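>
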Amino acid sequence: MKVTRITATLAAFALALTACGGDDGDDAPGADDNGNGAAEEGDEPEVQRGGAYTTIITGLHATAPPNPYNPDGNSFAGYNSVRLAWVKNHPTSPTEFYPGLASEWEVTDDNLELTVTLHPDATWSDGTPVTADDVVVSSNIAYTRGSGAFILDPGAAGAASDIEVIDDKTVQFTQDPENPTREFVNGIMNMIIVPAHIYGDLLPDDFDELLQAARGEDDAADDAREAISEAGEDVVSFAPEEDISAGPYVLERINPSEALLVRNEHFHNDHLVAPDQVIARNYDGNEQVWDYLQAGELDSSHFVAVPEDVVQQIEARPGNEASRTYSPVVAGLAFNQTYEPFDDINVRRALAYIIDREQMVAVSTPDGGTAATTTSGIHQEVVGEWIGDTVGDLDPYAVDLDRAAEELEAAGLSEENGRWVLPDGDPFSVPIQVPGGFSDWIAAGENIATQLNEFGIDSEIRTSPDFTVYQEEMTNGEYPVGFWLIGLGPSPYNIYQRLYGSSNGWEVLAGRLSYNEPGESGNWKGGPETYDVEGHGEVNPGELAHELRTADEERTHEIMTILAQTTNEHLPVIQMWDYVNTQFSNTDRFITDPPDDARRVTGVTSLAGIWIQQGWVTAVN
Amino acid sequence: MTSPGMVDVTTKGPSMRRNFWRGVWRVMLRKPSRLFGVALLGLFIFMATLGPVLYGRPLPRDPDNFFAPPSLQHPFGTDFQGFDVLALVVIGSRYVLLTALITAIVTIVLGASIGLFAGYRRGRLDAVLMRITDINLTIPGIPILLVLSTVWQFASPWEMGLVLGLLGWGALARAVRSQTLSLRERGFIEAARGLGLSTPHIVVRELLPPIAPYIAMNLLMSMILAVWAQVGLFFLGVMPVIGENWGVMLNRAVFDFGAMTTASRLPYMLAPLLALLLLTVAIVLVVDAMDEIFNPRLREE
């Protein structure tokens, strides 16, 4: 990969899409659960303190401003950039968080209202208290960026429709009652909070009026949306004179190799923060991280791709420890069904029977993934939670070359001199597109091509210069076959919107679901609008996936079962591997011991800042 | 029948050739390492031309034996998919050598012709051609390749060779022009001009032959540069890291499979490195021999 890049990508996906949460009792030391996911303050003992904590960061730009909205900004979530709460990626529960600036939050039963209370001691590093005004300004900025629940599209499902300041430390958010969704709370809690006295002037004075106007559908609404969008550009390019943080650290200095962050003594949970300093080392390639780890120089490292025997070498270093947890992401080989013969289900099934996924994972990502046991669209760690015993009814697509040959023959292909040819006599060719730099995808693609060639199908990998181009060209329908992330849990909707969302024709506009024909408006997968599914008849998977946003628990399980079976029977993708979140830490200087679900918090570049502020890092005497 | 005063080309031609090859053989024997170089170069040419024929497609592999250690069956072990590394080196030599050859030919054709014409004609043509040469010399090769890699996969050695050649002829053009400036004042060129021979005739028939050995040696040296340039580009990941060549092998070994830190992956990195080293040595030894063959002053009687 550079898994660096895929991690960032996954994080971005999860940040944008995930409605998360779920409290399984893994809270900060000394913090009790109050039933809504927030932690209550108790008699928390101070952690053992002192020293500099060394971790890794990628994409360090020494000249970029400490602005969390700047894509190159030196603002690191969990360290000097904060949110109301940190999303737990519980495998199946979408409403659980670790506390950030919010100490309490309450959601009404109908999921329409969210009331957030800021930590009473929350203070910016310049001594200014964090107030409801900061949250309002941050919300307005979020509208300029169109992120989370802050989407200007009138009637967009889940958009926050009203923000009311209850008091200096309490804010109430209301979502559009016409289109309530389960992602609403997550979208609010994931919002970046910035100081109003620094960022407030970047917004137009009449922002509230603009926001109201933008929710209309006339020309004035278009103008208002444009004005808000322009304000967003000012926010992105803003360069504050100094780093004002409400997190545990403030950026002290930075060079192209590393960033030094020092303790923010105004941080409201400073008594839980062990390291006096954090050194974030830049890395451009995974092998740099391997070297650091083998030398015992990192106190913790988030997920990067590591070859199996390098893992062993890292673990052999005294003090180093590896943790392996569930990662709510799945890699799939996706088809653009507007290309023949990939529109033929027999061809897709044949490929599923040919590819030995165990071998492919052993070649490409032995420590970062496990071979998918079948194609369900759901990560295998949680597939049982969603569809129960019906998982056993799914075709595992175990390697079966005879069956593959039968499927190809059923599709009209034939074998000539050991090579498969299309009905018109042309060789059957499978070009596999991968983004450059994603070493595990490249290795997996190479292995798939090798296996197909050994079976008699011409196949080779092709690379795109980077992931941005890859996504753009894929959306433009330029690749017949390519890797595509699916199963982005834990929200049921997010799991299936990657398969039956806009990339396959179903789009939410003005709160209503519509279908775009293959090749139009981002529908590059080009599958049919409905499938005939055994035992369920005619199934419209896009409608079912959309229903997951509001369905109750029973209906959710029912829909997930139907969609898993649809996916298994019709293979819009072949599920390749389920990610494993492998991370390393070293116990020489600090004990880093977060619970598993804190290891899979997504949407941040490096997780150690969140762990430190929750008190899960302790200095060794 | 020929008159006694005429040169008997039918008998003297072969005789001259025999003398030439005898001289070549003597030069070779003087330093046996040169014979080694020729043999080595021949081996690489054999690998590049017949290697892909010898190893049928798909290549045989052992999918249960990733990164197998060196053995009699696999002298350089196996790679991350269980392919024999030696086979990959052999297969990968075609891209490397063909690219190098194309690069060298493009470099030589452009560099030599521009240098010859500019040096012989002088004047306005010289000024124009040298400005073009100067521009070529200042073109930043790697950024251009970076941009081009977004358009091309460089899966074909023709693409890579053409680009490297087009970027690299400037220095040779300058050098050839210098030599031409010296030669054009010699008597035989003045005589040719006096006879009214055309510029192409003088350049091709009169100027080119004396410079040809120098150009031939440059051809080989260009090949070395092209080999290292393309392998370096693939190794650094500037080019799409796909396909069969030594640079891709090195990149994958170092950046994806930890060859610098893991002993079991070391053969995967060392095999293409060794091939590169041997190819360079072979070319250098051949150039050494050519230098003496074409430069009488270097011959030791």
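Protein chains in written order, with UniProt numbering: chain P, 1 to 621; chain G, 1 to 301. Ideal placement from N, C-alpha and C gives every residue a C-beta, glycine not left out. Since the model is a prediction, treat every value here as computed from it, not as a measurement.
Report back the beta-carbon spacing between Ala598(P) and Trp577(P) to the nearest angstrom; my notes put them in contact at under 8 Å.
24 Å between Cβ atoms; not a contact.
> How about Ala274(P) and Val617(P): are their beta carbons less than 7 Å apart?
Against a cut-off of 7 Å, the Cβ pair of Val617(P) and Ala274(P) comes out as a contact.
> Say yes only if the C-beta of Leu499(P) is nearer than 6 Å to one or more non-hydrogen atoms of the ligand ATP, and no if none qualify.
Of ligands this structure carries none, so the ligand ATP is not represented either.
> What's the call for residue 631(P), buried or exposed, on a 16-neighbour Cβ count within 10 Å?
Outside the modelled stretch of chain P, which goes from 1 to 621, sits residue 631(P), for which no answer is possible.
> Which word fits Val9(G), buried or exposed, when buried means at least 16 other C-beta atoms lie within 10 angstroms of its C-beta?
Confidence is the limiting factor: at Val9(G) the pLDDT is only 43, short of 50, which leaves the residue's position unreliable, though a coordinate-based value still follows. With fewer than 16 Cβ atoms within 10 Å of its Cβ, Val9(G) is classed as exposed.
> Within its chain, find whatever has a CB closer than 6 Å to the CB of Asp162(P); leave out the 5 residues flanking it on each side and keep chain order.
Contacts found: Thr174.
> Are the region 378 to 388 of chain P and the region 326 to 333 of chain P in contact at 8 Å, needing three or more beta carbon pairs?
Short answer: they touch.
> Between the region 50 to 78 of chain G and chain P, which residues of the former have CB atoms less than 9 Å from a CB of the latter, in chain order?
Of all residues in the region 50 to 78 of chain G, Arg57, Pro58, Leu59, Arg61, Pro63, Asp64, Phe66 and Phe67 have a Cβ within less than 9 Å of some Cβ in chain P.
> Have a look at Leu43(G), Asp79(G) and Ala282(G) and flag the residue whose alpha-carbon is nearest the alpha-carbon of Ser364(P).
For the residues Leu43(G), Asp79(G) and Ala282(G), the minimum Cα distance to Ser364(P) belongs to Asp79(G).
> For Gly482(P), report the span of its beta strand (DSSP E) as first-last.
Segment Val481 to Ile486, the beta strand (DSSP E) holding Gly482(P).
> Within the 7 Å Cβ cut-off, does Pro307(P) reach chain G?
It does; some Cβ of chain G falls within 7 Å.
> Under 8 Å Cβ-Cβ, which residues of chain P neighbour Gln179(G)?
By Cβ distance, chain P contributes nothing, its closest Cβ being about 42 Å from Gln179(G), past 8 Å.
> List, in order along the chain, the chain G residues whose C-beta lies closer than 8 Å to that of Trp290(P)?
The answer, in chain order, is Gly258 and Thr261.
> Taking the Cβ atom as the reference point for each residue, do Ile355(P) and Ala62(P) lie within a distance shorter than 7 Å?
Contact flag unset, no.
> Between which two residues does the alpha helix (DSSP H) holding Pro213(G) run?
Residues Leu208 to Leu236.
> Buried or exposed for Asn19(G), going by 16 or more other Cβ atoms inside 10 Å?
Classification of Asn19(G): exposed, given that the 10 Å Cβ count is below 16.
> Using a Cβ cut-off of 7 Å (strictly closer), state whether Gln81(G) contacts chain P.
Closer than 7 Å to some Cβ of chain P, the Cβ of Gln81(G) qualifies, so yes.
> Pull up the CB-CB distance for Gly377(P) and Ala564(P), whole angstroms please, since I reckon it's below 8 Å.
With 8 Å as the limit, Gly377(P) and Ala564(P) qualify as a contact, their Cβ atoms being about 6 Å apart.
> If you count every other CB in all the chains shown that lies within 10 Å of the CB of Gln575(P), and 16 or more means buried, which is it?
Buried.
> When the distance is taken between beta carbons, is Asn286(P) closer than 7 Å to Val304(P)?
The answer is yes: Cβ separation under 7 Å.
> Leaving out five residues before and five after Pro465(P) in sequence, what residues of the same chain have Cβ atoms less than 6 Å from its Cβ?
If we look at Pro465(P) and ignore the five residues flanking it on each side, its Cβ neighbours are Gly436.
> Taking only the alpha-carbon atoms, compute the straight-line gap between Ala226(G) and Leu162(G) and give it to the nearest angstrom.
Going from the Cα of Ala226(G) to the Cα of Leu162(G) covers about 11 Å.
> Distance, Cα to Cα, Val281(G) vs Ala289(G)?
Each residue's alpha carbon lies about 12 Å from the other.
> Give the list of continuous beta strand (DSSP E) stretches no shorter than 3 residues that lie fully inside the region 71 to 116 of chain P.
List check, beta strand (DSSP E) in window: 85 to 87, 97 to 99 and 102 to 107.
> Report, in whole angstroms, the separation of the C-beta atoms of His546(P) and Trp506(P), which I expect to be a contact under 8 Å.
Rounded, the Cβ-Cβ distance is 7 Å, consistent with contact.
> In the DSSP assignment, find the beta strand (DSSP E) that holds Arg512(P) and state where it starts and stops.
First-last of the beta strand (DSSP E) with Arg512(P): Arg512 to Tyr515.
> By the 10 Å Cβ neighbour count, where 16 or more other Cβ atoms means buried, how is Leu72(G) classified, buried or exposed?
Exposed.
> Per DSSP, what kind of secondary structure is Gly77(G) in: helix, strand or coil?
If DSSP states are grouped into helix, strand and coil, Gly77(G) belongs with coil.
> I want to see whether chain P comes within less than 7 Å of Phe117(G), judged by CB atoms only; does it?
Chain P, which has no Cβ nearer than 7 Å to the Cβ of Phe117(G), makes this no.
> Taking Cβ-Cβ distances shorter than 8 Å, what residues in chain P pair up with Thr150(G)?
Here the neighbours are Pro465 and Val469.
> Work out the CA separation of Gln172(P) and Glu113(P) for me, nearest whole Å.
Going by the C-alpha atoms only, they are around 7 Å apart.
> Starting from Thr462(P), find everything on chain G with Cβ-Cβ shorter than 9 Å and list it in chain order.
With the sequence shown as reference, residue 462(P) is identified as Arg, and Thr is not the correct amino acid for it. Chain G residues near Arg462(P): Gln153, Ala155, Pro240 and Ile242.
> Name the one or two DSSP bridge partners that Ser139(P) has.
In DSSP, Ser139(P) forms no bridge with anything.
> Which of helix, strand or coil does DSSP assign to Gly37(P)?
Below a pLDDT of 50, predicted positions are generally treated as unreliable, and Gly37(P), at 44, falls in that range; the measurement from the model is reported next regardless. Gly37(P): coil per DSSP, three-state reduction.
> Can you give me the Cβ contacts of Glu407(P) inside the same chain, cut-off strictly under 8 Å, excluding the 5 residues immediately before and after it?
The residues are Asn346, Val347, Arg349, Ala350 and Tyr353.
> Can you grab the Cα-Cα spacing for the pair Ser229(P) / Arg252(G), in whole Å?
Taking the straight line from one Cα to the other gives about 43 Å.
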